[in-house]
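A.B. asks: When the sequence shown is numbered by our numbering, its final residue is 1708 and no position is left out of the sequence of numbers.
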Amino acid sequence: MRVEGSYSVYPVRAIIVMGVGGCGKTTIGTRLAHLLGDAPFIDADALHSAECVEKMSKGYPLTDSDRWPWLGRVREEIEKEANKLVKNQDIPAAETRKIVEEHSHQPSLRYLYVVCACSSLKRSYRELLSRSDPDTLADAQTTHDTVFLHINVNKQELARRLAVRPDHFFGLPMLDLQLETLEPPDATREAAIIVQGNNSVDDVVKDAYYKVTHYITKNSL
């Protein structure tokens, strides 16, 4: 299904900063969250089980059976943060379209935001992250849509960054595996934004902020 050209009906937009290890998801995500009104930031790496962290630290790749429970926890955290924002703003569901229409001329004010750094390597993973889970919602009502922000960095630069990041459980041996697994998002089929991550952090953040706040197509996943 192609992405429809319209504003979202939801008051909250989840921005999932995605890409392989070393692309700058956490760095870009935290700074972007600050620019988006100090939006809640979720680091999906913190939601891995201890067993999965140990597995990756030894250079063993995660399997889908490892990833599905983790992705479920990430989705649940996004939903919790989105619901908190709506509750704190006291926004009735019936008013969501009005909010979008009133602020349609001010791109940065169209939504409240939740920002999450998560690799989201496969389309199937992104589909799961984009779907709401009624079991985690108090009123079984979706409050947000999802847009993926892919930080695209070439392999040489990724390897350079990982070489100077020895304290992280993701090391150089995992890079090739993630690059092989990566299914880059297709912006004609998914709600996705692509930014080039080889530039300076300031430039990448500036580009990401502009594209996120001017993104007007809703999620089709």
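Positions of the beta carbon are idealized from the N, C-alpha and C atoms, including for glycine.
Buried or exposed: where does N1706 fall if 16 or more other Cβ atoms within 10 Å of its Cβ makes it buried?
C.D. replies: Residue numbering aside, residue 1706 sits at position 219 when the sequence shown is read from its first letter. A caution first: N1706 carries a pLDDT of 45, below 50, which makes its placement in the model too unreliable to give a value.
A.B. asks: Where are the beta strand (DSSP E) runs, 3 residues long or more, that stay fully inside the segment 1488 to 1570, in chain order?
C.D. replies: Taken in chain order, the whole beta strand (DSSP E) runs of length 3 or more contained in the segment 1488 to 1570 are 1499 to 1505, 1528 to 1530.
A.B. asks: Determine the direct distance from the alpha carbon of L1572 to that of D1525, and round the result to whole angstroms.
C.D. replies: Counted from its first residue, the sequence shown places residue 1525 at position 38. Counted from its first residue, the sequence shown places residue 1572 at position 85. Approximately 12 Å, taken between the alpha carbons.
A.B. asks: Among residues of its own chain, excluding the 5 on either side of A1501, which ones have a beta-carbon nearer than 6 Å to its beta-carbon?
C.D. replies: Position 14 of the sequence shown, counted from the start, is the residue given in the question as residue 1501. Excluding positions up to five away in sequence, the list reads I1565, V1601, H1631, T1633.
A.B. asks: By a C-beta neighbour count over all protein chains shown, 10 Å radius and 16 as the cutoff for buried, is A1625 buried or exposed?
C.D. replies: Locating residue 1625 in the sequence shown gives position 138, counting from the first residue. Confidence is the limiting factor: at A1625 the pLDDT is only 46, short of 50, which leaves the residue's position unreliable and the question unanswerable from this model.
A.B. asks: Run through the segment 1647 to 1699 for me and flag every whole alpha helix (DSSP H) of 4 or more residues, listed as ranges in chain order.
C.D. replies: 1659 to 1668
A.B. asks: Using DSSP's beta-bridge definition, name the partner residues of H1701.
C.D. replies: As a working note, residue 1701 is residue 214 in the sequence shown. H1701 pairs with nothing; no bridge assigned.
A.B. asks: Tell me which residues share the same chain as L1662 and place their Cβ nearer than 8 Å to its Cβ, disregarding the 5 neighbours each side in the sequence.
C.D. replies: Here the question's residue 1662 lines up with position 175 in the sequence shown. Cβ within range, chain order: V1507, G1508, G1509, K1642, L1645, A1646, L1649.
A.B. asks: Quick check: the Cα distance between P1594 and T1550, rounded to an integer number of angstroms?
C.D. replies: The count along the sequence shown starts at 1 and reaches residue 1594 at position 107. The count along the sequence shown starts at 1 and reaches residue 1550 at position 63. With a pLDDT of only 47 at P1594, under the threshold of 50, the placement of this residue in the model should not be trusted, and no figure is reported.
A.B. asks: Is A1646 near the ligand PLP, with its Cβ less than 7 Å from a heavy atom?
C.D. replies: Here there are no bound small molecules, and the ligand PLP is not part of this structure.
A.B. asks: Suppose you measure from the CA of D1690 to the CA of L1636; what does that come to, to the nearest Å?
C.D. replies: Residue mapping note: residue 1690 aligns to position 203 of the sequence shown, counting from 1. Residue mapping note: residue 1636 aligns to position 149 of the sequence shown, counting from 1. Roughly 15 Å separates the two Cα atoms.
A.B. asks: If you draw a straight line from the C-alpha of Y1612 to the C-alpha of L1558, how long is it?
C.D. replies: Here residue 1612 refers to the residue found at position 125 when the sequence shown is read from its first residue. Here residue 1558 refers to the residue found at position 71 when the sequence shown is read from its first residue. If I take the Cα positions, the gap works out to 7 Å.
A.B. asks: Classify G1574: buried if its beta carbon has 16 or more other beta carbons within 10 angstroms, exposed otherwise.
C.D. replies: Translated into the one-based positions of the sequence shown, residue 1574 becomes position 87. Reading the sequence as shown, one finds Lys at residue 1574 and not Gly. K1574 comes out exposed.
A.B. asks: Closest to A1604 by CA distance: which of L1519, A1569, S1544, Q1683 is it?
C.D. replies: Taking the first residue of the sequence shown as 1, we reach residue 1604 at position 117. If you compare the alpha carbons of L1519, A1569, S1544, Q1683 with that of A1604, the shortest gap goes to L1519.
A.B. asks: Looking only at DSSP bridge pairs, what is L1599 linked to?
C.D. replies: Along the sequence shown, one-based indexing puts residue 1599 at 112. Looking at the DSSP assignment, L1599 forms a beta bridge with V1499.
A.B. asks: Between the alpha carbons of T1668 and L1608, how many angstroms are there, rounded?
C.D. replies: The sequence position of residue 1668 within the sequence shown is 181, counting from 1. The sequence position of residue 1608 within the sequence shown is 121, counting from 1. Between T1668 and L1608, the C-alpha separation is close to 7 Å.
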